[in-house]
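**Student:**
Numbering (mature numbering (1 follows the signal peptide of the UniProt record, and there is no 0)), first residue to last: -26 to -1, 1 to 931.
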């Protein structure tokens, strides 16, 4: 049998080289030199985009013939349109390049349902291709029409440029419109808003970014309005003045006209219940987004002269914001309806607003006599007199105080129903019925909005909210400007800050409230002193902390539970001082008490000390803490137990249990200061596992299962991507390619954009190719095309696309992609395609070229070079190219004996009749499956070393 007959047998029909396989090189491939024109293709959900990047520039003119776009450039070039022709983006049917009279024309044929828009941005010509809309949105193209009968204030060009001026301490912004425009000027939170009824673009480029009257200024534009948001200090005066087509908005003290007051009242002429506001010249009502809050406001601009609301007004479903011009509403109900009708603004809901009826004017009853009286400071509490019930008992006292409210005359004075409501609230606060007191005070505040500026009202409601555990809301009341200088309120603020873990702030507030401490009843003196001790301990002042604990213990008539709280803090101070033996004894003693709110943290600290001192082992400590988890729930103690238990689980290598326990309560108590530390523990544990190698000791399947179960903890950014790459590397090592692809596909679909998305999609494509899924690989590349990719990544994506097309049998398309690629990888793909197409002379020449001058260097051939030599010899034999075979023998015969498959190489290089070898000798080295496995092995090496193909970030190192 001759060699030629042997190779043309069924064995030679398979691809060669057991050690073979064209491999992707270790480093990034050389990037082909760019031509004069680079055509880039991008695909988005709503449109496709073509960009024409010229070196040296060129002018483009275009015309359209039906669905055919013809773009003619002022110079000629040979652009690479393979990406555009092989996998056309959406709405593109075909494309071609033509050379006409020495210049280039690119012809793109659109699908029947497509339309296109051409343009130039930053010197780059582009074509945006999209679905043809059902009807042209002509109304959107034109500026918003002005109301009938009023000139359109929209200036020419649609841009308003405010002018800045300053006089003394006052700053003025002047807006010039083509005609009088409606405006609303109001305050919400930290910002003063200026909202016009015309959707012009307000250009603030020439305004100072900050001034003596504001720290930040932002411009917004909606479909039917334009607006400025000006961050200004609380209490900054502001006024609006209209002069013809101009508006002047002034901030700060100065000569200011007083605006008319907008009258808001119940509209008795309509049903259901509706409010109406008389606003002369109101133009319309618009919904305005507030980016600081994340909600929408309803704003009613009006024409000059100025009219507004001097103060905030609260209702059940909304609040009217203070304004210098026009009106703005903060909505609490989703179905609120606001409509401008002439000079009236009507506010309602489909089923009516909740409006309080007018109080009856009947004399107060005698039952109100002897009502609880206010204290000398607005945030003091009287536990001796306020809760007194008299001989009739609690219910009789409560009913008497409640019935005094409707019996009181209308009015805001102490003899009206305000006095009766405040008396009932004092009784409830003194009786420690906090939620009931909050309800009474909220109702009083809604009916009498002036109460929101009353010091005692704020103090009473703040105390009730502290007792109810609503610390953030209580802090808002105690931080009201009317209580800013009140020492009794300062103590409450210090108490709240301690509970929130803000120890340094708490100490300052306790100092400010020191002169009011002795005016409180003993129980609250002890609680304030304990909080001050905890704040001192939190900042490391152990001496001060012990002094405050000693004072707290000296207070008379302190309940047992509060005494245990003080002792618990004292034990923590001993522990911090290093007296662990004394601290442990105190913790153990408190832990035996029947009061679980105190005994649970005591047992926690006792177990931690026992473990730290070697008295119990980790499993015993973990078992103790696990029981404490379910003994006391719902506050910082639970979170402290969970943090300690999670740390123990990590020390024991019980990673899943650690993550589960750390995640169990952090989301249930997000407002607790301990929750922040717990979330940090959870994130750090996840990072240690998947970023710092703590999970490397786990089986890959277990590691990826743990990752999936806690995938929401993956950090955004480079660390999260590195976690995924670490897992992918381990999965590829053990051939779990489906799981590796699933991880990367989630990143591509949900977490990434732009260049990082394309980079990870390229890695995904290589894994799909390793898993024999070329169609999925091609989809991964095509779905992440964009025009902003670096050249190295673009070249790598072409290689992946070409290998995928080769796997699908689309050899010509694959060749188009790598035709101009001078890299070693491009040559390998071209050689393999030639082999698969039985182009034996070309295949032999390409494999020999890939070997280069390796024959000049002694030493055994690498598996890849041996495979190339074997294929080159077989290809030349099949091509009857004896001269080429002779050249191979001359150069490479010396490498046969040291080869991994010497018999195969000897036969390939001889090209003569060798009777001693059977076809089975070649079956080991000429199978496609073996060739593929060799390529996969090399790809695994790339992922294992952290340099998978398609990684421009690593290529740039």
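Glycine included, C-beta positions come from ideal geometry on N, C-alpha and C.
Given the structure is predicted, the values throughout are model-derived calculations rather than measurements.
Could you please give the first and the last residue of the uninterrupted alpha helix (DSSP H) stretch that includes residue 462?
**Tutor:** Position 488 of the chain shown, counting from 1, holds the residue named residue 462. Residues 461 to 473.
**Student:** Where does residue 248 sit, in a helix, a strand or coil, going by DSSP?
**Tutor:** Here residue 248 refers to the residue found at position 274 of the chain shown. Residue 248: coil per DSSP, three-state reduction.
**Student:** Taking the alpha carbon of residue 298 as the reference point, which residue from 201, 215, 514 and 512 has its own alpha carbon closest?
**Tutor:** For the purposes of this step, residue 298 is taken as the residue at position 324 of the chain shown. For residue 298, the nearest C-alpha among the options comes from 215.
**Student:** With DSSP collapsed to three states, give me the class of residue 742.
**Tutor:** Within the chain shown, numbered from 1, the residue matching residue 742 stands at position 768. It is helical.
**Student:** Unbroken beta strand (DSSP E) runs of length 3 or more, entirely within the segment 93 to 178: which are they?
**Tutor:** For the segment 93 to 178, whole beta strand (DSSP E) runs of length 3 or above, ordered along the chain, are 98 to 105, 137 to 141, 144 to 150, 157 to 162 and 165 to 170.
**Student:** Assuming residue 276 and residue 256 are in contact, meaning their beta carbons sit under 8 angstroms apart, how far apart are those beta carbons, in whole angstroms?
**Tutor:** Here the question's residue 276 lines up with position 302 in the chain shown. Here the question's residue 256 lines up with position 282 in the chain shown. Indeed, because the Cβ distance is near 5 angstroms, the residues count as touching under 8 angstroms.
**Student:** Taking DSSP's pairing of strands, which residues face residue 47 in a bridge?
**Tutor:** By 1-based counting over the chain shown, the position of residue 47 is 73. DSSP, once it has assigned bridges, lists 34 as partnering residue 47.
**Student:** When you compare each of 774, 830, 882 and 838 to residue 865 by their alpha carbons, which one comes out closest?
**Tutor:** Numbered from 1 along the chain shown, position 891 holds the residue referred to as residue 865. That would be 830, whose Cα lies nearest to the Cα of residue 865.
**Student:** Assign residue 635 to buried or exposed, taking buried as 16 or more other Cβ atoms, counted over all protein chains shown, within 10 Å of its Cβ.
**Tutor:** Position 661 of the chain shown, counted from the first residue, corresponds to residue 635. Classification of residue 635: buried, given that the 10 Å Cβ count is 16 or more.
**Student:** Which runs of the beta strand (DSSP E) fall wholly inside the segment 462 to 539 and span at least 3 residues, in chain order?
**Tutor:** You should have found no qualifying run.
**Student:** Per DSSP, what are the beta-bridge partners of residue 42 in this structure?
**Tutor:** As a working note, residue 42 is residue 68 in the chain shown. Residue 42 is bridged to 39 and 83.
**Student:** Starting from the Cα of residue 702, find the closest Cα among 106, 689 and 734 and give me that residue.
**Tutor:** In the chain shown, counting from the first residue as 1, residue 702 sits at position 728. Nearest option by C-alpha distance: 734.
**Student:** Whose C-alpha, out of 50, 15, 91 and 89, is nearest the C-alpha of residue 57?
**Tutor:** As a first step, residue 57 must be located in the chain shown, where it is residue number 83. For residue 57, the nearest C-alpha among the options comes from 15.
**Student:** Could you spell out where the beta strand (DSSP E) holding residue 73 opens and where it closes?
**Tutor:** Position 99 of the chain shown, counted from the first residue, corresponds to residue 73. 66 to 74 is the span of the beta strand (DSSP E), which, as asked, contains residue 73.
**Student:** What's the call for residue 660, buried or exposed, on a 16-neighbour Cβ count within 10 Å?
**Tutor:** Within the chain shown, residue 660 is the residue found at index 686, counting from 1. With 16 or more other Cβ atoms within 10 Å, it is buried.
**Student:** I'd like the list of long-range same chain contacts for residue 496, defined as Cβ closer than 8 angstroms, with 5 residues on each side in sequence excluded.
**Tutor:** Position 522 of the chain shown, counted from the start, is the residue given in the question as residue 496. Hits under 8 angstroms: 529, 530, 531 and 532.
**Student:** Assess, as a yes-or-no matter, whether the segment 99 to 106 is touched by the segment 76 to 90 under the definition of 3 or more beta carbon pairs within less than 8 angstroms.
**Tutor:** The segment 76 to 90 vs the segment 99 to 106: in contact.
**Student:** Determine the extent of the beta strand (DSSP E) in which residue 190 is found, giving its start and end residues.
**Tutor:** Within the chain shown, residue 190 is the residue found at index 216, counting from 1. Counting along the chain, the beta strand (DSSP E) containing residue 190 begins and ends at 190 to 195.
**Student:** Cβ atoms of residue 883 and residue 859: under 9 angstroms apart, would you say?
**Tutor:** Stepping through the chain shown from its first residue, residue 859 is reached at position 885. Stepping through the chain shown from its first residue, residue 883 is reached at position 909. Taking 9 angstroms as the Cβ cut-off, residue 859 and residue 883 qualify as a contacting pair.
**Student:** Among residues of its own chain, excluding the 5 on either side of residue 127, which ones have a beta-carbon nearer than 7 angstroms to its beta-carbon?
**Tutor:** In the chain shown, the residue the question calls residue 127 occupies position 153. The residues are 120, 151, 152, 153, 154, 155, 172 and 219.
**Student:** What is the DSSP secondary structure of residue 320, counted as helix, strand or coil?
**Tutor:** Looking up residue 320 in the chain shown gives position 346. If DSSP states are grouped into helix, strand and coil, residue 320 belongs with the strands.
**Student:** Is residue 239 buried or exposed, if buried means 16 or more other CB atoms sit within 10 Å of its CB?
**Tutor:** Along the chain shown, one-based indexing puts residue 239 at 265. It is exposed - the Cβ of residue 239 has fewer than 16 other Cβ atoms within 10 Å.
**Student:** Bridge partners for residue 238 per DSSP, in chain order?
**Tutor:** One-based indexing of the chain shown puts residue 238 at position 264. Residue 238 pairs with 251.
**Student:** If contacts are defined as beta-carbon pairs under 8 angstroms, then residue 351 and residue 460 qualify, I think. What distance do you get, rounded to the angstrom?
**Tutor:** Residue numbering aside, residue 351 sits at position 377 when the chain shown is read from its first letter. Residue numbering aside, residue 460 sits at position 486 when the chain shown is read from its first letter. That pair is a contact at about 6 angstroms.
**Student:** State the DSSP-derived secondary structure class of residue 267, mapped to helix, strand or coil.
**Tutor:** As a first step, residue 267 must be located in the chain shown, where it is residue number 293. Residue 267 falls in the coil class under three-state DSSP.
**Student:** Within the continuous beta strand (DSSP E) that includes residue 216, where are the two ends?
**Tutor:** As a working mapping, residue 216 is identified with position 242 in the chain shown. Its beta strand (DSSP E) spans residues 212 to 217.
**Student:** Would you mind working out which of 491, 195 and 284 sits nearest residue 209, comparing C-alpha positions?
**Tutor:** In the chain shown, residue 209 corresponds to position 235, counting from 1. Nearest C-alpha to residue 209: 284.
**Student:** Going by DSSP in three states, residue 681 sits in which element: helix, strand or coil?
**Tutor:** Here residue 681 is taken as the residue at index 707 of the chain shown, counted from 1. Looking at residue 681 - three-state DSSP - the assignment turns out to be helix.
**Student:** Please report the distance separating the alpha-carbon of residue 604 from that of residue 756.
**Tutor:** As a working mapping, residue 604 is identified with position 630 in the chain shown. As a working mapping, residue 756 is identified with position 782 in the chain shown. Cα to Cα, the separation comes out at about 53 angstroms.
**Student:** Could you name the residues that DSSP lists as bridge partners for residue 272?
**Tutor:** Residue 272 sits at position 298 when you count from the first residue of the chain shown. Beta-bridge pairing links residue 272 to 261 and 303.
**Student:** Can the beta-carbon of residue 262 be found less than 9 angstroms from the beta-carbon of residue 201?
**Tutor:** Position 288 of the chain shown holds residue 262. Position 227 of the chain shown holds residue 201. Yes, these two residues count as a Cβ contact at 9 angstroms.
**Student:** Should residue 850 be counted as a contact of the ligand SAH given a C-beta to heavy atom distance under 8 angstroms?
**Tutor:** This structure simply doesn't include the ligand SAH, nor any ligand for that matter.
**Student:** Along the chain, where does the alpha helix (DSSP H) containing residue 881 start, and where does it finish?
**Tutor:** Reading the chain shown from its first residue, position 907 is the one you call residue 881. Start and end: 876 to 884.
**Student:** Using three-state DSSP, classify residue 382 as helix, strand or coil.
**Tutor:** Position 408 of the chain shown, counted from the first residue, corresponds to residue 382. Residue 382: coil per DSSP, three-state reduction.
**Student:** Name the residue from 349, 569, 303 and 174 whose alpha carbon lies nearest to the alpha carbon of residue 162.
**Tutor:** To locate residue 162, count along the chain shown from 1; it is residue 188. Minimum Cα distance to residue 162 is reached at 303.
**Student:** Would you give the residue range spanned by the beta strand (DSSP E) that residue 222 belongs to?
**Tutor:** Taking the chain shown and counting its residues from 1, the one referred to as residue 222 is at position 248. Counting along the chain, the beta strand (DSSP E) containing residue 222 begins and ends at 220 to 225.
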